[in-house]
Amino acid sequence: MLSEFIVGFQSVLTFGNIMGIFLGVAFGVFMGAVPGLTGTMGIALIIPLTYTLSPITAFCILLGAYKGCLFGGAIPAIIINTPGTPAAAVTVFDGFPMTQKGQVGRAMGIALWASVLADAFSTVCLIFLAVSLARISLKFGPPEYASLIVFSLVIVAGVSGESILKGIIAAVVGFLLATVGLDPMMSTPRFTFGLPTLFNGINMMVLMIGLFAVSEVLTQSEEKGSDSLESTSIEKKLASWADIKRCLPTILRGGVIGVLIGAIPGLGATPAAFLTYAETKRVSKHPEEFGKGAIEGVAASESGNNATCGGALIPLLALGIPGDVTTAVLLGAFLIHGLTPGPALFKENLSLVYSIFAALLVAIVFLPLVGRQSIRFFSLIVKVPKSIIYPVAAVLCTVGVYGFNSSFTDLWLMLIFGVVAFFMRKLGFALAPLLIAFILEPIGELAIRQSLALSGGGVSIFVTRPISVLFLVMAAGAVFVLVRMQRGKKIV
Amino acid sequence: MYAKFKTDFLSGAFLFVFSLVIIFFLIPKYVDVRTFTELSPQFFPMLAAVTLLGLSLLLMFKSFKTLRGHKEWAGFADLLVPRIRAAPRHEPLLSVVIIAAYLIAFQYIGFLIATPPAAVLLMLVFGQRRLLRIIVISLILSGLVYALFTYGLKVPL
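If you read the protein sequences in the order shown, they are chains A and B.
Just so it is clear: in the first sequence, position 225 is 225 by our numbering, and no numbers are missing.
Our numbering runs 1000 ahead of the 1-based position in the second sequence.
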């Protein structure tokens, strides 16, 4: 292994590859930081540009972009309450309140270091545990997915903000919205109203941008003295070593959860961020601080979502199965370069595999460097008057949404969701549970229906498989903990 | 206190009606019931709608419970007493109208012509009053975004 690593590093540590990693990270941060653009879109766009490059250089750029976008999504989440990527939706809970307290530098600093450390942890896991974790992920069938989603939906109440009942209602609405489109088993339309653009369902980015970005624009337009941002005192200092040390257990927790969730194909970074946040809040001595600017909240979300980077590469490299949407796009990159990920890759192209590992390790070094400069640059946005920043954000979101499918239906949906979310916020309904349930429903519904098809309608399939039972027991335990937490608190 | 009761009660009532519409109109009309699997395509939407129905009733019930416990509660007749409220702000409505008009203009006239006026109007709604700044920013924004998407990201606008 050591000799392969040395060869891998020798391949990567050339001027061209190092520049490729640096530019990839910078590009990824930019794509993640601009609402309406996504890392997946960015990677898909640059894959054709890498066609003429060597596979090692190509993957240096692409993997750098992958890492960069996972952190980049936190920047607008913290500054303007608008996640740049779905996984950063959980970062807004505590990131934006910290900005409102004038701690934008501290929030972005901890987001950066949580991302870097969790990413490093997941990369190490990828290098040393890829094959073992891939074997575990193979044990996940439809019943296990279904139970995991049930568990995730149960704990969505834990991130519902002040009112658990309203959070659950928001989650149910998200669940309902996710049923729009073609039925996953029968392929018959559901709630498409005859519009072909809805056959694929509501685009998650359209929903996210409408819920968070457009509603934020509408909310900010209502504030008196809209041009008052310049008067907010801004603490320029990034997170201190004491802050990082305080968040280390959270970051480690996020690393573990992120790697495990990332290694399960089809789940992605959002559930990892959300589960890490919920778990961190549960074990915290001051759970009441979460949602009001708790630094551990930002660390939890960012560590959970960034750790999926290494985790999602595990099934991709070891089995040829993409762990999330972005790695599905990366699979395309492998195929373009004449490579087939999976067990064969480890046998026939071991040097490339270790070059990829080396590139991932080098990218960890560049992420804090690029991230710090990005923080300095994007922190300036806080000084830009609201009367400029939010109209600009509105235009960027409009164009970004249009960029997905060139669909005006998407634009109208974005506006509708924005108006609905504006009223939801006024009425005290949390938005994140809606988005999380929206993301989880398709996975859960398909898994449940496939499980029932496998078992011929019997529900015993969910309670006779050990991993499935484990998640159902965890879900029951989560309900018990939530009920106990609510004993001293009003539900509404 | 009363504001919270009203918002919760009205939210619950709206969701209650909404879920009834889904259960008795939208699902039967827009979701096919035919299946060869154990669960029909209607199952999960119906599950969500029925759950929403129950939760909305619970929200309405809880809103009354909150009100009854308050020491100033003087009975249901008290709800009919008009109260002085601050006038609702019109900026969000203006912003929605501007964005809607922008979407229509974007579709029928094009990005480069639709975006500068929309940006100008939004900045005015947000309280920006420096005219030169407004015009310059709207033009630069339109140009930069157009260049980025059309030439950089190959997304024709």
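Even for Gly, the Cβ is constructed at its ideal location relative to N, Cα and C.
Residue span of the alpha helix (DSSP H) that contains ALA134(A), given as start and end: For the purposes of this step, residue 134(A) is taken as the residue at position 134 of the first sequence. Element bounds for ALA134(A): 104-138.
For SER163(A), the nearest candidate out of LEU207(A), ALA437(A), PRO433(A) (CA to CA): As a first step, residue 163(A) must be located in the first sequence, where it is residue number 163. Residue PRO433(A) is the option with its Cα nearest to SER163(A).
Contact with chain B by THR409(A), beta-carbon distance below 8 Å: Counting from 1 along the first sequence, the entry for residue 409(A) is found at position 409. THR409(A) does not count as touching chain B.
Cβ pair ARG190(A), TYR1030(B) closer than 8 Å: Within the first sequence, numbered from 1, the residue matching residue 190(A) stands at position 190. Within the second sequence, numbered from 1, the residue matching residue 1030(B) stands at position 30. Yes. Within cutoff.
Partners in chain B for PHE357(A), counting only beta-carbon separations shorter than 7 Å: Your numbering for residue 357(A) matches position 357 in the first sequence. None at all; the shortest Cβ gap to chain B is about 30 Å.
Exposed unless 16 or more other CB atoms sit within 10 angstroms - verdict on GLU441(A): To locate residue 441(A), count along the first sequence from 1; it is residue 441. Buried.
Contact set between the region 170-204 of chain A and chain B, restricted to residues whose Cβ is under 8 Å from the partner: VAL172, VAL173, PHE175, LEU176, THR179, ASP183, MET185, MET186, THR188, PRO189, ARG190, PHE191, THR192, PHE193
Spatial distance of GLY320(A) from PRO343(A) (CA atoms): On the first sequence, position 320 is the one that residue 320(A) refers to. On the first sequence, position 343 is the one that residue 343(A) refers to. Rounded to the nearest angstrom, the two C-alpha atoms are 8 Å apart.
Which of helix, strand or coil DSSP assigns to LEU218(A): The residue you call residue 218(A) lines up with position 218 of the first sequence. It is helical.
Assigned secondary structure, ARG190(A) (DSSP; H/G/I helix, E/B strand, else coil): As a first step, residue 190(A) must be located in the first sequence, where it is residue number 190. It is a strand residue.
Supposed close pair SER455(A), ILE461(A) - CB separation, criterion 8 Å: The residue given as residue 455(A) occupies position 455 in the first sequence. The residue given as residue 461(A) occupies position 461 in the first sequence. With 8 Å as the limit, SER455(A) and ILE461(A) qualify as a contact, their Cβ atoms being about 4 Å apart.
Helix, strand or coil at LEU1144(B) according to DSSP, with G and I counted as helix: As a first step, residue 1144(B) is located in the second sequence; it is residue number 144 there, counting from the start. Three-state result, LEU1144(B): helix.
CA-to-CA distance, LYS426(A) to SER228(A), given in whole angstroms: Within the first sequence, numbered from 1, the residue matching residue 228(A) stands at position 228. Within the first sequence, numbered from 1, the residue matching residue 426(A) stands at position 426. Interpretation of SER228(A) is limited by its pLDDT of 48, a score under 50 that renders its predicted location unreliable; the figure taken from the coordinates is listed afterwards. Rounded to the nearest whole angstrom, the CA to CA distance from SER228(A) to LYS426(A) is 21 Å.
Limits of the alpha helix (DSSP H) - the one that PRO343(A) falls within: Residue numbering aside, residue 343(A) sits at position 343 when the first sequence is read from its first letter. PRO343(A) -> alpha helix (DSSP H) spans 343-348.
As assigned by DSSP and simplified to three states, the class of VAL34(A): Stepping through the first sequence from its first residue, residue 34(A) is reached at position 34. Three-state result, VAL34(A): coil.
Contiguous alpha helix (DSSP H) assignments of at least 4 residues, all confined to the region 9-65 of chain A: 15-33, 39-46
Residue ranges of each alpha helix (DSSP H) within the region 148-179 of chain A, 4 or longer: 164-178
Element boundaries [alpha helix (DSSP H), containing MET1(A)]: Locating residue 1(A) in the first sequence gives position 1, where the first residue counts as 1. Looking at the DSSP string, MET1(A) is not in any alpha helix (DSSP H), and its letter there is neither H nor E.
The region 171-179 of chain A contacting the region 379-391 of chain A, beta-carbon criterion three pairs below 8 Å: Under the three-pair Cβ rule at 8 Å, the region 171-179 of chain A does not count as touching the region 379-391 of chain A.
Buried or exposed by the 16-neighbour rule on C-beta atoms within 10 Å, applied to PRO493(A): One cannot answer for residue 493(A) here, as it falls past the ends of chain A, which runs 1 to 492.
Cross-strand partners of VAL1031(B) (DSSP beta bridge): As a first step, residue 1031(B) must be located in the second sequence, where it is residue number 31. VAL1031(B) is bridged to ARG190(A).
Chain A residues whose Cβ lies nearer than 8 Å to that of THR1037(B): Along the second sequence, one-based indexing puts residue 1037(B) at 37. MET185, MET186, ARG449, LEU452, ALA453, listed in chain order.
With 16 other Cβ atoms within 10 Å as the buried cut-off, status of GLU230(A): Sequence index remark: in the first sequence, residue 230(A) carries index 230 (1-based). Note that GLU230(A) scores a pLDDT of 45, beneath 50, so its modelled location is shaky; the value from the coordinates is reported in the next line. Under a 10 Å Cβ-count criterion, GLU230(A) is classified as exposed, with fewer than 16 other Cβ atoms of the shown protein chains found around its own Cβ.
SER231(A) - DSSP class collapsed to helix/strand/coil: Looking up residue 231(A) in the first sequence gives position 231. With a pLDDT of 41 at SER231(A), under the threshold of 50, the predicted position of this residue should be treated as unreliable, and no value is reported.
Nearest-angstrom Cα separation, counted from ALA358(A) out to PHE128(A): Stepping through the first sequence from its first residue, residue 128(A) is reached at position 128. Stepping through the first sequence from its first residue, residue 358(A) is reached at position 358. One C-alpha to the other measures close to 13 Å.
Local conformation of GLY1127(B) per DSSP, three classes: Residue mapping note: residue 1127(B) aligns to position 127 of the second sequence, counting from 1. Coil at GLY1127(B), not helix or strand.
Inter-stretch contact at 8 Å, needing at least 3 Cβ pairs: the region 1132-1152 of chain B / the region 1106-1116 of chain B: yes
Distance, PRO1028(B) Cα to ILE1134(B) Cα: Taking the first residue of the second sequence as position 1, residue 1134(B) is located at position 134. Taking the first residue of the second sequence as position 1, residue 1028(B) is located at position 28. Computed Cα separation, rounded: 51 Å.
Interface partners of ILE388(A) on chain B, CB under 7 Å: As a working mapping, residue 388(A) is identified with position 388 in the first sequence. Neighbours of ILE388(A) across chain B, judged by C-beta separation under 7 Å: MET1123, GLN1128, ILE1137.
Exposure label - THR340(A); buried when at least 16 CB within 10 Å: Within the first sequence, numbered from 1, the residue matching residue 340(A) stands at position 340. That one is exposed.
Partners in chain A for PHE1024(B), counting only beta-carbon separations shorter than 7 Å: In the second sequence, counting from the first residue as 1, residue 1024(B) sits at position 24. Neighbours of PHE1024(B) on chain A: none; closest Cβ ~15 Å, over 7 Å.
Chain B within 8 Å of SER226(A), Cβ atoms only: By 1-based counting over the first sequence, the position of residue 226(A) is 226. Reliability fails at SER226(A), whose pLDDT of 48 lies under 50, so the model's placement of it is uncertain and no value is given.
For LYS245(A), the nearest candidate out of TYR145(A), LEU117(A), GLY141(A), PHE334(A) (CA to CA): By 1-based counting over the first sequence, the position of residue 245(A) is 245. Cα-wise, what sits closest to LYS245(A) is LEU117(A).
SER1138(B) versus LEU1124(B): straight-line alpha-carbon distance, rounded: Numbered from 1 along the second sequence, position 138 holds the residue referred to as residue 1138(B). Numbered from 1 along the second sequence, position 124 holds the residue referred to as residue 1124(B). Between the C-alpha atoms of SER1138(B) and LEU1124(B) there is a straight-line separation of about 12 Å.
Cutoff 6 Å; reference VAL473(A); Cβ partners in own chain excluding five residues on either side: The residue you call residue 473(A) lines up with position 473 of the first sequence. Counting only Cβ-Cβ distances below 6 Å, and skipping sequence neighbours, we find nothing.
Given 8 Å, three or more beta-carbon pairs between the region 302-311 of chain A and the region 243-258 of chain A: yes
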